[in-house]
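Protein sequences appear in the order of chains A and B.
Going letter by letter, the first sequence gives residues -8 to 161 in the numbering used here.
Going letter by letter, the second sequence gives residues 257 to 368 in the numbering used here.
We treat Cβ as the ideally placed atom computed from N, Cα and C, and that holds for glycine.
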Amino acid sequence: MWLRLKWKVGTRMAPFDYIEIKVPAKPQYVGVARLTISGLASRLGFTYDEIEDLKIASSEAITNAVRHAYDEDEEGEIIIGCALYEDKLEIMVADHGQSFDFEETKKQVGPYTEQESDVQLIREGGLGLYLMETLMDDVKVHHEEGVTVFMTKYLGRERGEADVKQTAYS
Amino acid sequence: MNLQVDVQEKDCVHVFKIIGEIDAFTAPTLKEQLEKVADQPECQAVLDFKDVNYMDSTGLGVFVAFYKKVKAVNGSVKIVGLNKRLKRLFEITGLDDVVEIEMESGDTNGTV
Chain A
-8 MWLRLKWKVG TRMAPFDYIE IKVPAKPQYV GVARLTISGL ASRLGFTYDE IEDLKIASSE
52 AITNAVRHAY DEDEEGEIII GCALYEDKLE IMVADHGQSF DFEETKKQVG PYTEQESDVQ
112 LIREGGLGLY LMETLMDDVK VHHEEGVTVF MTKYLGRERG EADVKQTAYS
Chain B
257 MNLQVDVQEK DCVHVFKIIG EIDAFTAPTL KEQLEKVADQ PECQAVLDFK DVNYMDSTGL
317 GVFVAFYKKV KAVNGSVKIV GLNKRLKRLF EITGLDDVVE IEMESGDTNG TV
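So this is what it looks like as structure tokens:
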């Protein structure tokens, strides 16, 4: 595993710090990535509960990527890109191992449709995708040359009772 | 990022004390331990989550599979020691309506 830091200052978009992690698509690295994201979220000032939500949501995305690589019998790599803004954390998880241009990939990631969620995503993501959507403020999934999950959590938006009441099984 | 599962049998009740983090890497360990008793007739199990400091859908998946197996042999499963975070995970997924959850970790003899 290696860690790369890119500092983007004064670009055309709102300034943010970008951290990219690349890990082998193996289950033992899910926890390593989770701890890194936990550290970044803590640095941004998220609350304890928000950090726990982020840990679960990002682990779900990374676990899906590991499973996907396993199903395909690939010895792939997973890229986890984190963009730290003043008011939010954006996390991108890609299972095709290619380092990406964060801004470019973000543009290509559209909201996924009902159709997709019924057919492909639920089967692939299952409960994991449901948890990502419940625990994050925004989740988008992009299928092209592998799967890219893009999710956002804003500072100071505690997910309340309304989110807890909707259930997967009932 | 490790998981330890201590199993004790007391008055025909299997008590699983789960310690650590349950994720994609450690879930198979838990699954293996649970499956040792899952198909015993009228299996009674207590899962103690008091020292679980992280769990995601992989852990829930293992739990649901175990729960189904135990129910198939007319057994019972009780969960004890859930902290606020884990309780929320069970609530979000609706599992709290399905399984017996005891909020205080303590007396485990009263399993039905």
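| Query | Result |
| --- | --- |
| Find the nearest neighbour of Val130 of chain A within the set A:Met142, A:Gly119 and A:Tyr121, judged by alpha-carbon distance. | A:Met142 |
| Alpha carbon to alpha carbon, how far is Leu259 of chain B from Gln300 of chain B? | 22 Å |
| So, do the stretch 298 to 317 of chain B and the stretch 133 to 142 of chain A have three or more beta carbon pairs nearer to each other than 8 Å? | no |
| Counting only Cβ pairs nearer than 7 Å, list the residues of chain B close to Thr125 of chain A. | Ile348 |
| Is the Cβ-Cβ distance between Ala56 of chain A and Val23 of chain A less than 9 Å? | no |
| Could you check the C-alpha separation between Gly331 of chain B and Asp295 of chain B for me, to the nearest Å? | 9 Å |
| Sort out for me which residues DSSP pairs Met142 of chain A with in a bridge. | A:Ile82 and A:Val130 |
| Taking 8 Å as the cut-off, is the CB of Leu290 of chain B close to at least one heavy atom of the ligand ZN? | In terms of ligand content, the structure shown is empty, and the ligand ZN therefore cannot be addressed. |
| Step through the CB atoms of chain B and report whether any lies within less than 9 Å of the CB of Lys75 of chain A. | The question names Lys, but residue 75 of chain A is Leu in the sequence shown. Taking Cβ atoms only, chain B never reaches closer than 9 Å to Leu75 of chain A, which makes this a no. |
| Can you confirm whether Asp40 of chain A, when its beta carbon is compared against all beta carbons of chain B, has any partner nearer than 9 Å? | yes |
| What do you get for Asp64 of chain A, buried or exposed, if any count of 16 or more other CB atoms within 10 angstroms of its CB means buried? | exposed |
| Which term fits Leu26 of chain A, buried or exposed, when burial requires 16 or more other beta carbons within 10 angstroms of its beta carbon? | exposed |
| Helix, strand or coil for Pro15 of chain A, going by three-state DSSP, please let me know. | strand |
| Which one of B:Ala321, B:Met359 and B:Phe346 has the shortest CA to CA distance from Val293 of chain B? | B:Ala321 |
| Counting only beta-carbon separations shorter than 9 Å, does Gln260 of chain B have a partner in chain A? | no |
| Rounded to a whole number of angstroms, what is the C-alpha to C-alpha distance between Asp78 of chain A and Tyr145 of chain A? | 6 Å |
| Are the C-beta atoms of Ile335 of chain B and some chain A residue less than 9 Å apart? | no |
| At the 9 Å Cβ level, is Val130 of chain A part of the contact set with chain B, yes or no? | no |
| Just to confirm, is the Cβ distance from Val308 of chain B to Leu342 of chain B under 9 Å? | yes |
| Could you tell me the distance, in whole angstroms, from the CA atom of Lys334 of chain B to the CA atom of Glu347 of chain B? | 15 Å |
| For Leu286 of chain B, which option in B:Lys266, B:Cys268, B:Glu265 and B:Thr314 has the closest C-alpha, if you only look at C-alpha atoms? | B:Thr314 |
| Based on the DSSP output, what are the partners of Tyr310 of chain B in its beta bridges? | B:Glu277 |
| For Gly162 of chain A, go through chain B and note every residue whose CB falls closer than 8 Å to its CB, in chain order. | Residue 162 of chain A cannot be examined here, being either before or after the span of chain A that is shown, -8 to 161. |
| Looking only at its own chain, which residues have a Cβ that is under 8 Å from the Cβ of Lys17 of chain A, when we skip the five neighbours before and after it? | Val57 |
| Would you verify that the beta carbon of Gly317 of chain B is, or is not, closer than 9 Å to some beta carbon of chain A? | yes |
| So what does Asp44 of chain A bridge to, in DSSP terms? | Paired residues: none, contrary to the question. |
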